[in-house]
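Some notes on the structure that comes next.
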Amino acid sequence: MAELKKVFIPDIGDFKDVPVIEILVTAGSTVNAEDSLLTLESDKATIEVPSPYAGVIKEIFAKVGDKVSEGSVILTIEVSDSVVAKTPTQATEQKPVPETINAASEVEIKEITSRQPQGIQQNVPVQDVSSKAHASPSIRRFARELGVNLDLITGSGPKHRILKEDVQTFVKSQLSKSRSDAMGSGLNVLPWPQVNFAKFGSIELKPLTRIQQISGANLHRNWVMIPHVTQFDEADITDLEELRKESNENTKKNNIKLTLLAFLMKALIAPLKKFPQFNASLDNSADGEVNLIIKHYYHIGFAVDTPQGLVVPVIRDIDQKGIIAIAEELSKLSALAREGKLKPTDMQGACMTISSLGGIGGTAFTPIINAPEVAILGVSKATIKPVYRDDQFVPRLMLPLSLSYDHRVIDGATAARFTTHLSEVLTDMRLALL
Ligand code: COA
């Protein structure tokens with residue numbers, strides 16, 4: 019006979035009032051013991067709560083956004099007799115006791131810092147902690163132990179579920195690839211210095227935000243894996259600034275501010291079309307062949323500084339939009355970014371990114387490419403400078419540009435041509451229309 023079982027939040031260590039960020043099952047769905055039911059996210063970790071029983075989900079009480087602690091009831095499962103018999107440690111309806119829950123059995127705690135495990139070559143991709151791959155907690159744990167990013171694996175199980183064999187096959191393929199690579203590909207650097215700073219004075223410990231931890235790991239990978247070169251240039255934006263101010267007079271009654279960034283995004287399309295290798299990504303196929311994927315769409319990301327850290331929302335199809343539409347989207351996405359309300363899809367699909375520090379200051383910087391893009395445009399503060407023209411110095415508003423590019427894809431001469439053309443377009447925005 020079928021029996022209705024309540025499922026509680028098990029012992030999740032020291033965490034309390036942890037927000038539910040994802041419900042992984044629906045009422046009526048069938049689950050196996052160990053299948054993930056929902057995901058919790060504390061400041062330090064995401065936690066998947068697995069099902070203690072096999073059966074059919076009857077009612078779900080937890081909602082995304084609810085805060086739960088050990089013992090909170092999250093749902094009920096209808097368990098048939100035969101199934102109850104197969105799940106001996108959880109057969110009676112009771113809260114799981116702490117000793118049944120440990121790192122090796124029930125709760126999946128994914129540390130947000132990425133780790134390089136011993137014994138695995140550095141070029142085995144480390145686990146992406148935000149992985150949405152379809153895999154059970156035990157497989158996630160197995161992958162984590164090996165430092166494998168589940169997002170890179172196509173599962174061979176039902177509904178593309180990733181099986182243990184899939185992880186093993188992936189690791190074998192990565193190891194054999196690394197053996198065939200040239201010697202000395204590892205970084206072979208010294209360990210990070212361990213210093214007791216308290217010996218030298220008063221200190222405090224401040225954990226990095228979740229965004230800082232995730233973006234830090236990405237920036238680190240991009241810095242280490244992409245051979246960066248930065249090309250510096252200047253654009254005369256005297257006329258553009260005049261046009262912007264005039265246009266702002268007309269649009270401000272509709273509460274629309276035409277920012278320099280909106281014009282920069284539009285101006286970027288002309289050089290991207292002229293030099294398509296900038297509108298591209300490197301594609302490393304499984305058999306070791308490397309191709310360049312040239313994109314026929316023009317989506318531009320822009321870095322936004324938020325209290326939680328740096329995020330990069332994306333505006334799509336800039337080539338098909340006017341400055342007013344771009345400015346409106348910029349302002350909407352920047353506001354969402356600052357409120358921490360961007361959806362993952364708002365931050366996907368960029369062809370190239372602009373990082374504008376011009377409103378803050380500085381003369382130049384070396385931005386880090388946002389992989390798998392191959393270039394990023396840094397913009398610093400425009401200042402009036404004396405420019406020699408027609409036998410005299412004239413005051414012009416000059417905008418510093420810092421273009422970092424992936425030297426595997428773009429050579430120096432092309433990068434110089436790119437910034438030269440961008441500078442021409444910014445000097446005469448009519449070129450952006452051609
Ligand atoms: N030179 C001189 N002044 C500039 C400028 C530039 N390049 N860009 C903007 N300004 C001025 C504007 O004219 C504006 O002045 P105003 O209010 O008198 O009109 C002011 O700075 C604010 O500019 P605004 O256009 O409203 O915003 P923005 O484009 O400077 O900034 C973001 C928008 C989203 C880019 C910005 O908020 C941000 O987060 N920047 C940081 C990005 C970052 O951290 N990058 C680093 C990644 S490594």
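In terms of the working numbering, the sequence shown is residues 19 to 452.
Every residue gets a Cβ at the ideal spot worked out from N, C-alpha and C, and that includes glycine.
Keep in mind that this is a model prediction, so the values were computed, not measured.
- Message: If you measure from each CB to the nearest heavy atom of the ligand COA and keep those under 6 angstroms, what residues do you get, in chain order?
- Response: The answer, residue by residue, is Thr-277, Leu-278, Leu-279, Phe-320, Ala-321, Val-322, Asp-323, Leu-328, Ser-352, Ser-373, Ser-374, Leu-375, Gly-376, Gly-377, Pro-385, Val-397, Lys-399, Ala-400 and Leu-417.
- Message: If you reduce the DSSP assignment to three classes, tell me which class Gln-136 lands in.
- Response: As a first step, residue 136 is located in the sequence shown; it is residue number 118 there, counting from the start. With a pLDDT of 30 at Gln-136, under the threshold of 50, the predicted position of this residue should be treated as unreliable, though the coordinate-derived value follows. In this structure, Gln-136 counts as coil in the three-state DSSP scheme.
- Can you tell which of Leu-328, Ala-298 and Gln-295 has the C-alpha that lies nearest to the C-alpha of Asn-5? Residue coverage of the chain in this structure runs from 19 to 452, which leaves residue 5 outside it and unanswerable.
- Supposed contact pair Ser-299 and Ile-287 - C-beta distance, whole angstroms, cut 8 angstroms: Counting from one through the sequence shown, the residue named residue 287 turns up at place 269. Counting from one through the sequence shown, the residue named residue 299 turns up at place 281. Your pair Ile-287 and Ser-299 does not check out as a contact, with CB atoms roughly 17 angstroms apart and the cut at 8 angstroms.
- Item | C-beta atoms of Lys-456 and Ala-355 nearer than 8 angstroms | This structure does not reach residue 456, given that the chain is present from 19 up to 452, and the question cannot be answered.
- Message: Measuring only the C-alpha atoms, how far is Leu-223 from Val-242?
- Response: Here residue 223 corresponds to residue number 205 of the sequence shown, with the count starting at 1. Here residue 242 corresponds to residue number 224 of the sequence shown, with the count starting at 1. When rounded, the separation of the alpha-carbon atoms in Leu-223 and Val-242 is 27 angstroms.
- Query: Is Pro-114 helix, strand or coil when you go by DSSP?
  - Reply: Your numbering for residue 114 matches position 96 in the sequence shown. Summary for Pro-114: the model assigns pLDDT 39, below 50, so the residue's position carries little reliability; its value from the coordinates is reported in the next sentence. In the structure shown, Pro-114 sits in coil (DSSP, three-state: anything other than H, G, I, E or B).
- Message: Please return the same chain residues whose Cβ sits closer than 7 angstroms to the Cβ of Glu-88, not counting the five positions on each side in sequence.
- Response: For the purposes of this step, residue 88 is identified with residue 70 of the sequence shown, where counting begins at 1. Ile-27, Pro-28, Asp-29 and Ile-30.
- Alpha carbon to alpha carbon, how far is Val-185 from Val-166? Give it in angstroms, no decimals. In the sequence shown, residue 166 corresponds to position 148, counting from 1. In the sequence shown, residue 185 corresponds to position 167, counting from 1. Approximately 8 angstroms, taken between the alpha carbons.
- Those residues which DSSP pairs with Arg-228 across a bridge: Stepping through the sequence shown from its first residue, residue 228 is reached at position 210. Paired residues: none, contrary to the question.
- Message: I need the straight-line Cα distance from Ile-229 to Ala-20, nearest angstrom please.
- Response: As a first step, residue 229 must be located in the sequence shown, where it is residue number 211. As a first step, residue 20 must be located in the sequence shown, where it is residue number 2. Cα to Cα, the separation comes out at about 45 angstroms.
- Task: Could you check the C-alpha separation between Arg-435 and Gln-295 for me, to the nearest Å?
- Result: Start at 1 with the first residue of the sequence shown, and residue 435 comes out as number 417. Start at 1 with the first residue of the sequence shown, and residue 295 comes out as number 277. Looking at the two C-alpha atoms, the distance is approximately 12 angstroms.
- Message: Using the Cβ count rule (16 or more neighbours within 10 Å means buried), how would you classify Tyr-315?
- Response: Translated into the one-based positions of the sequence shown, residue 315 becomes position 297. With fewer than 16 other Cβ atoms within 10 Å, it is exposed.
- Item | Three-state secondary structure assigned by DSSP to His-314 | For the purposes of this step, residue 314 is taken as the residue at position 296 of the sequence shown. Here His-314 sits in coil by DSSP.
- Item | Closest Cα partner of Phe-411 within the set Asp-53, Ile-402 and Val-91 | The residue given as residue 411 occupies position 393 in the sequence shown. It is Ile-402.
- Query: By Cβ distance, which residues of its chain are closer than 6 angstroms to Thr-48, with the 5 residues on each side in sequence left out?
  - Reply: Taking the sequence shown and counting its residues from 1, one reaches residue 48 at position 30. For Thr-48, same chain residues with a beta-carbon under 6 angstroms away, outside a window of 5 residues either side, are Val-74 in chain order.
- Message: Given this structure, state the Cα-to-Cα distance separating Glu-462 from Leu-58, to the nearest angstrom.
- Response: Past the boundaries of the shown model lies residue 462; the chain is included only from 19 to 452, so the question cannot be answered.
- Can you tell which of Ala-431, Gly-367 and Val-86 has the C-alpha that lies nearest to the C-alpha of Asp-32? Looking up residue 32 in the sequence shown gives position 14. Nearest option by C-alpha distance: Val-86.
- For the 8 angstroms Cβ check, are there 3 or more pairs between the segment 210-221 and the segment 362-375? The segment 362-375 and the segment 210-221 do not touch, with fewer than three beta-carbon pairs separated by less than 8 angstroms.
- Message: Using the Cβ count rule (16 or more neighbours within 10 Å means buried), how would you classify Val-25?
- Response: Numbered from its first residue, the sequence shown carries residue 25 at position 7. Val-25 is buried by the Cβ-count criterion.
- Query: Within 10 angstroms of its Cβ, does Lys-177 collect 16 or more other Cβ (buried), or is it exposed?
  - Reply: Translated into the one-based positions of the sequence shown, residue 177 becomes position 159. That one is exposed.
- Whose C-alpha, out of Tyr-71, Ala-400, Asp-408 and Val-82, is nearest the C-alpha of Val-97? As a position in the sequence shown, residue 97 is number 79, starting the count at 1. The shortest C-alpha separation from Val-97 is found at Tyr-71.
- Start-end ranges of the beta strand (DSSP E) lying completely within the segment 406-433, minimum 3 residues: Counting whole runs of 3 or more residues, the segment 406-433 contains the beta strand (DSSP E) stretches 410-424.
- Message: Check for me: the alpha helix (DSSP H) holding Leu-286 runs from which residue to which?
- Response: As a first step, residue 286 must be located in the sequence shown, where it is residue number 268. Counting along the chain, the alpha helix (DSSP H) containing Leu-286 begins and ends at 278-292.
- Message: Checking the sheet assignment: what are the DSSP bridge partners for Met-370?
- Response: Counting from 1 along the sequence shown, the entry for residue 370 is found at position 352. Residue pairing by DSSP places Met-370 opposite Ile-318 in a beta bridge.
- Item | Three CB pairs or more closer than 8 angstroms across the segment 246-260 and the segment 440-449 | Segments in contact, yes.
- Task: Tell me whether Gly-396 is buried or exposed, calling it buried when 16 or more other Cβ atoms sit within 10 Å of its Cβ.
- Result: Start at 1 with the first residue of the sequence shown, and residue 396 comes out as number 378. With 16 or more Cβ atoms within 10 Å of its Cβ, Gly-396 is classed as buried.
- May I have the straight-line CA-CA distance separating Arg-158 from Thr-324, to the nearest angstrom? As a working note, residue 158 is residue 140 in the sequence shown. As a working note, residue 324 is residue 306 in the sequence shown. Rounded to the nearest angstrom, the two C-alpha atoms are 31 angstroms apart.
- Item | Asn-206 classed as buried or exposed, judged by whether at least 16 other C-beta atoms fall within 10 angstroms | Counting from 1 along the sequence shown, the entry for residue 206 is found at position 188. By the 10 Å Cβ count, Asn-206 comes out exposed.
- Query: Hey, would you say Thr-371 sits closer than 8 angstroms to Ala-321, going by beta carbons?
  - Reply: One-based indexing of the sequence shown puts residue 371 at position 353. One-based indexing of the sequence shown puts residue 321 at position 303. Yes, they are a contact pair.
- Does DSSP put Ile-336 in a helix, a strand or coil? Translated into the one-based positions of the sequence shown, residue 336 becomes position 318. In this structure, Ile-336 counts as helix in the three-state DSSP scheme.
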